[in-house]
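A short write-up of the structure that comes next.
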Amino acid sequence: MMQTAFETAEPGKAASCFTENEAHVWLLDLDLHEALLGELAGLLTDADRRRAAAFAFPHLQAQHVAAHGQMRRILAAYARRPAHALHLCRTPEGKPFLAPDSTPAFNLSHSGGLGLLAITHSAPIGADIEQIRYSPDLTGIAQSAFSCVENAALAQLPKGQRTEAFFACWTRKEAVAKFDGRGLGLDPASFTVPVDPDTPSGAARDIVTLNSATSVRIFDVSVPPGFRGAVAVPPEILKLRFFRLPA
Ligand SMILES: CC(C)(COP(=O)(O)OP(=O)(O)OC[C@H]1O[C@@H](n2cnc3c(N)ncnc32)[C@H](O)[C@@H]1OP(=O)(O)O)[C@@H](O)C(=O)NCCC(=O)NCCS
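Residue numbers (this note's numbering): 1082 to 1328.
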């Protein structure tokens, strides 16, 4: 997989060098100490707090606060507004956006203690991070969610590479689905992404046709070992920059 270093930066500094044709991708640590969690909880709205409280387990409640608190902190810098003044809405299919004009555009993903927050000026964007977990049923899941071309490519790989390839394909597809915004309304087998886990990303061959009117460029994100990550953007976005918050 492509090796990408996440640069440690304050959100204001990263936002000050944000250009139109790039996307910024933030890696979020969701397992935070109590003091920082308390600070981030102060940035949340009542609706965010209700969503956090709905999780059955305390560690999932804490991760929700960590994800949404850090997301608000970072988006505030890009929107040049205080975090508490950000008005987040959702489309009928559930994709969050910033009112009133969807700028900056963003997408959030979280899995197993890590989050990805991907941001563009205004272009649609989708992000996905997944913790890699072996399951004896990955082939069955692939058969129901992947296209014929993807399943054939997966079957051709050596057995030892298939779990990594499954998650590479899954995160690329999920990033495209979240770019599109239809969520479960988009048939995942209706489009094809690269399956090879080691394929360089962002290149012309990673431009995927979603339908006759929409093409999407997929970038892999080099997240820590044990995870896979991907971001989907319009083909005009040629560059990604990677950041993480100071500890
Ligand atoms: C929400 C959804 C879009 C992604 O769920 P997920 O992978 O379990 O979770 P992630 O952590 O990656 O993403 C969740 C976040 O995406 C955002 N989101 C929710 N609905 C969204 C949508 N329709 N489009 C884009 N983003 C969406 C939200 O910020 C959400 O986090 P929050 O609820 O804490 O605010 C899911 O409902 C879905 O429809 N997935 C497509 C399923 C599929 O067919 N995948 C096949 C891949 S092969």
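Yeah, the Cβ is synthetic: ideal placement off N, Cα and C, and Gly gets one too.
What are the uninterrupted segments assigned as beta strand (DSSP E) that are 3 or more residues long and contained completely in the region 1146-1211, given in chain order?
1168-1171, 1177-1180, 1186-1192 and 1195-1201
Would you say the beta carbon of Cys1170 comes nearer than 8 Å to a heavy atom of ligand 1?
no
For Glu1091, which of Ala1133, Ala1158 and Ala1164 has the nearest alpha-carbon?
Ala1158
Assign His1114 to one of two classes, buried (16 or more other C-beta atoms within 10 Å of its C-beta) or exposed (fewer than that).
exposed
Would you say Ala1226 touches ligand 1, meaning its beta carbon is less than 8 Å from a heavy atom?
yes
Terminal residues of the continuous beta strand (DSSP E) containing Gly1310?
Phe1308 to Val1314
For the region 1144-1155 and the region 1108-1126, state whether three or more C-beta atom pairs, one from each stretch, are separated by less than 8 Å.
At 8 Å Cβ cutoff, the stretches touch.
Cβ shell of Leu1108 (< 6 Å), same chain only, five flanking positions each side left out
Phe1087 and Arg1325
Select from Ile1155, Phe1178, Phe1187 and Pro1327 the residue whose C-alpha is nearest the C-alpha of Gly1093.
It is Ile1155.
For a test of your reading of the model: does the CB of Gly1194 fall under 8 Å from any non-hydrogen atom of ligand 1? Yes or no.
no
Less than 9 Å separating the beta-carbons of Gly1196 and Gln1212?
no
Classify Gln1084 as buried or exposed, calling it buried when 16 or more other Cβ atoms lie within 10 Å of its own Cβ.
With a pLDDT of 48 at Gln1084, under the threshold of 50, the modelled position of this residue cannot be trusted; read the value that follows with caution. Label assigned to Gln1084: exposed.
Would Gly1207 pass as a contact of Lys1240 if the rule is Cβ separation under 9 Å?
no
Distance between beta carbons of Ala1234 and Ala1270, contact taken as under 8 Å
Ala1270 to Ala1234, Cβ: 14 Å. No contact.
Which of the three DSSP states, helix, strand or coil, is assigned to Ala1104?
strand
Less than 9 Å between the C-beta atoms of Ala1256 and Ile1299, yes or no?
yes
Would you kindly report the start and end of the unbroken beta strand (DSSP E) that includes Thr1077?
What is shown of the chain runs 1082 to 1328, which leaves residue 1077 out entirely.
Member of Pro1177, Ala1294, Gly1221 and Arg1153 whose CA lies at the smallest distance from the CA of Ala1166:
Arg1153
To the nearest angstrom, how far is it from the Cα of Asp1279 to the Cα of Val1297?
19 Å
Rounded to the nearest angstrom, how far is the Cβ of Ala1313 from that of Asp1301, given a contact under 8 Å?
A Cβ-Cβ separation of about 11 Å leaves Ala1313 out of contact with Asp1301 under the 8 Å criterion.
DSSP three-state call for Ala1143: helix, strand or coil?
helix
Quick one: give me the first and last residue of the beta strand (DSSP E) that Thr1290 is part of.
Residue range Ile1288 to Asn1292 is occupied by the beta strand (DSSP E) that includes Thr1290.
Please classify Ser1191 as buried or exposed, where buried requires at least 16 other C-beta atoms within 10 Å of its C-beta.
Ser is not the amino acid found at residue 1191; the sequence shown has His there. Buried.
Please look up how many angstroms separate the CB atoms of Ala1164 and Pro1185, rounded, as I've assumed it's under 8 Å.
Actually they are not in contact, since the Cβ atoms of Ala1164 and Pro1185 sit about 14 Å apart, beyond 8 Å.
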